[in-house]
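Have a look at the structure below before the remarks.
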Amino acid sequence: TPPVHGSLRRFYKHAADFCFKLPDHVSLEEGALLEPLSVAVHTCKRAEIGINSKVLILGAGPIGLVTLLVAKAMGANKIVITDMLESRLNVAKKLGADGTYLVQKNRSEEDTVADIHAIFEGEPNRTIDACGAQASIRLAIFATETGGVVVLVGLGAPEVQIPLVNALTREVNIRGVFRYVNDYNDALNLVASGKVDVKPLITHNYKIEETKQAFETSRTGAGGAIKVMIHCK
């Protein structure tokens, strides 16, 4: 019941089956990260990740990084993650990525695909685009093996140009993701069991009085910001 306008209080009610009790050993900070983690859980389910999965994740932002954690927990055989910032790739390495790739704007599409295949020593059979940019979606399709799965979780422009015929003739399965459904409990179980540790994603902490600075840090990514916490106490 957070205070509103001094002594006034606003009460929020939720249906019981929409609420999940945090175990005593799970912190509120970890609980706050269950929302993005649920996106990753839903994404990895859509990708049908398992022990035979060679996973390419495009984008090492918050969603890409939690997807990395969940893919590892689901038994992926090999995970390679890409980004345009070396600092984010360094975080991905610490979180257990098997390989990283720094995307360069002046590198051709064909050469980038070849570079990624060289890292895999083959082709990924599961690709997750956590960017949403047209170039990233195209790369996801071209890089994925014939008959593989591409899952698009990043949201960008409402219309993009993609190599659709390439995907069709190679029977690449393209699947969409919009947030999550019935995944909170699974996300909580991953954290509570210790199979997924989200704490390294929390890079900055601010007091409630520093809210403006917190949002600015989150917006700009200053200081290598990934997840920014605002504490009421």
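Sequence positions in the sequence shown follow the UniProt record's numbering and run 1 to 233.
Think of the CB as a built atom: it goes at the ideal place given N, C-alpha and C, for glycine as much as any other residue.
From what residue to what residue does the beta strand (DSSP E) around residue i run?
i: Ile57; result: Lys54 to Leu58
i: Ile79; result: Lys78 to Asp83
i: Leu152; result: Val149 to Leu152
Of the choices the options, whose alpha-carbon is the least far from that of residue i?
i: Ile202; options: His14, Leu188, Thr217 and Lys212; result: Thr217
i: Ser136; options: Leu155, Asn173 and Ile119; result: Leu155
i: Met229; options: His25, Asp24 and Glu29; result: Glu29
i: Ile51; options: Ala140, Thr82, Arg126 and Ile226; result: Arg126
i: Leu152; options: Glu210, Arg46 and Thr211; result: Arg46
i: Lys93; options: Glu210, Ala60, Ala73 and His25; result: Ala60
Check whether the Cβ atoms of residue i and residue j sit closer than 8 angstroms, and answer yes or no.
i: Glu171; j: Gly147; result: yes
i: Leu85; j: Pro200; result: no
i: Leu37; j: Val55; result: no
Considering just the uninterrupted stretch of the alpha helix (DSSP H) at residue i, what are its terminal residues?
i: Arg175; result: Run containing Arg175: none in the alpha helix (DSSP H); it sits in the beta strand (DSSP E), Asn173 to Gly176.
i: Asp115; result: Glu109 to Phe120
Out of curiosity, what's the CA-to-CA distance linking residue i and residue j?
i: Glu35; j: Thr112; result: 32 angstroms
i: Ile49; j: Leu190; result: 15 angstroms
i: Asn77; j: Leu69; result: 13 angstroms
i: Leu102; j: Glu145; result: 21 angstroms
i: Val177; j: Ala114; result: 27 angstroms
i: Gln161; j: Phe142; result: 13 angstroms
i: Ile119; j: Asp197; result: 26 angstroms
What are the partner residues of residue i, as DSSP defines its beta bridges?
i: Tyr206; result: Ile230
i: Tyr101; result: Thr82
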